[in-house]
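Residues 124 to 334 in my numbering are what the sequence shown lists, from first letter to last. Note that beta-carbon positions come from the ideal geometry of N, C-alpha and C, so glycine has one too. Predicted model, so just to flag it, every value in this text is computed and none were measured. Report on the following structure.
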Amino acid sequence: MAGPQRETSEPKNPPENPPVAGLLLAAGGGRRLGGRPKALLSHRGRPLVEYAVRTLREGGCSTVHVVLGAASDEVRRRAELPGCVLVDNPGWADGMGSSLRAGLDSLAATDAQAALVLLVDQPGIGPAAVARVLAAHRSPDSLASASYEGRRGHPVLFGARRWVDISADAVGDRGARAYLKAHENDIVLVECGDVAEPYDIDTVDDLSHLE
124 MAGPQRETSE
134 PKNPPENPPV
144 AGLLLAAGGG
154 RRLGGRPKAL
164 LSHRGRPLVE
174 YAVRTLREGG
184 CSTVHVVLGA
194 ASDEVRRRAE
204 LPGCVLVDNP
214 GWADGMGSSL
224 RAGLDSLAAT
234 DAQAALVLLV
244 DQPGIGPAAV
254 ARVLAAHRSP
264 DSLASASYEG
274 RRGHPVLFGA
284 RRWVDISADA
294 VGDRGARAYL
304 KAHENDIVLV
314 ECGDVAEPYD
324 IDTVDDLSHL
334 E
């Protein structure tokens with residue numbers, strides 16, 4: 124199987140050596156949505172992937188890597204993602220773990236000291252939550268997560284020294300769940316329940332959250 128492919132979409136004065144890069148996981152095929160790729164769901168008149176990228180940027184991530192999978196060619200045609208690094212994940216159907224690995228592999232080729240990970244199907248998480256978790260970055264060993272009434276959620280921040288181990292544990296749909304459970308005592312929890320809602324767009328009923 125071919126590995127992840129990486130390209131930059133129309134960079135405009137990209138920042139050099141960003142300490143924290145945004146990593147948007149946007150490869151899902153929307154199986155429970157009748158096969159509608161989540162990146163292309165309409166929100167506020169534009170593809171959902173654009174809204175998520177804007178959330179990361181307004182929250183403080185000047186560099187954003189976007190992992191694409193389902194309908195990646197159509198996402199490129201329809202979504203305006205200037206300055207983003209677009210990463211193809213040929214194994215996207217294997218689950219979120221493969222997309223997380225592809226994104227961290229892409230970031231490993233940069234000087235980023237940490238990755239701020241956001242899921243494309245959580246539009247209730249806005250720039251305020253991103254900014255709060257971003258502020259928890261202290262070093263390449265940082266590990267932080269948004270929490271909602273004490274329950275861990277997204278976004279999540281991974282220091283660069285943790286990426287290799289996180290990738291090794293990222294299989295199937297678990298993403299970083301196994302790694303986070305094993306390192307629970309290291310996680311800095313950042314309460315975001317007053318500024319964000321961590322719902323997912325997984326089913327047809329969930330589409331009511333989109334505008």
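Considering only Val313, Gly153, Val190, the residue with the shortest C-alpha distance to Glu272 is Val313. Inter-residue distance for Arg274 and Val208 is about 31 Å (C-alpha atoms, whole angstroms). Remark: C-beta atoms of Ile289 and Leu223 approach each other more closely than 9 Å. By the CB criterion at 9 Å, Asp323 and Asp244 fall inside the cutoff.
Beta-carbon to beta-carbon, Pro246 and His306 are separated by about 28 Å, too far to satisfy the 8 Å threshold.
Nearest to Ala269 by C-alpha distance, out of Pro142, Arg285, Asp196, Val318, is Val318. The segment 276-284 and the segment 251-267 touch, with three or more beta-carbon pairs separated by less than 8 Å. Residues Ala150, Asn212, Trp215 of the same chain have their beta carbon placed closer than 6 Å to that of Gly192, with the five preceding and five following residues left out of the count. Exclusion of the five residues before and after Leu148 leaves Val190, Ser222, Leu242 as the residues of its chain whose Cβ lies within less than 6 Å of its Cβ. Going by DSSP, Asp211 is part of no alpha helix (DSSP H) but of the beta strand (DSSP E) stretching over 208-211.
Sorting Val210, Ser165, Ala258, Glu181 by C-alpha distance to the C-alpha of Arg201 places Ser165 at the top. For Ser195, the enclosing alpha helix (DSSP H) stretches over residues 195-201. Pairing Arg155 with Ala251, the inter-Cα distance amounts to about 29 Å. Counting only residues of its own chain and dropping the five nearest sequence neighbours on each side, Trp286 has a CB closer than 8 Å to the CB of Leu227, Leu230, Ala231, Ala238. Rounded to whole angstroms, Met219 and Ala293 show a C-alpha spacing of 8 Å. Comparing alpha carbon positions, the residue from Asp196, Glu197, Val172, Ala194 closest to His188 is Val172. Contact annotation: Thr178 and Ala144 have beta-carbon atoms that are not nearer than 9 Å.
Annotation: the continuous beta strand (DSSP E) that includes Arg275 extends over 274-282. For Gly157, the number of other beta carbons within 10 angstroms of its own is below 16, and it is reported as exposed. Counted as a single uninterrupted DSSP element, the stretch harbouring Tyr302 is not any beta strand (DSSP E) but the alpha helix (DSSP H) occupying residues 300-305.
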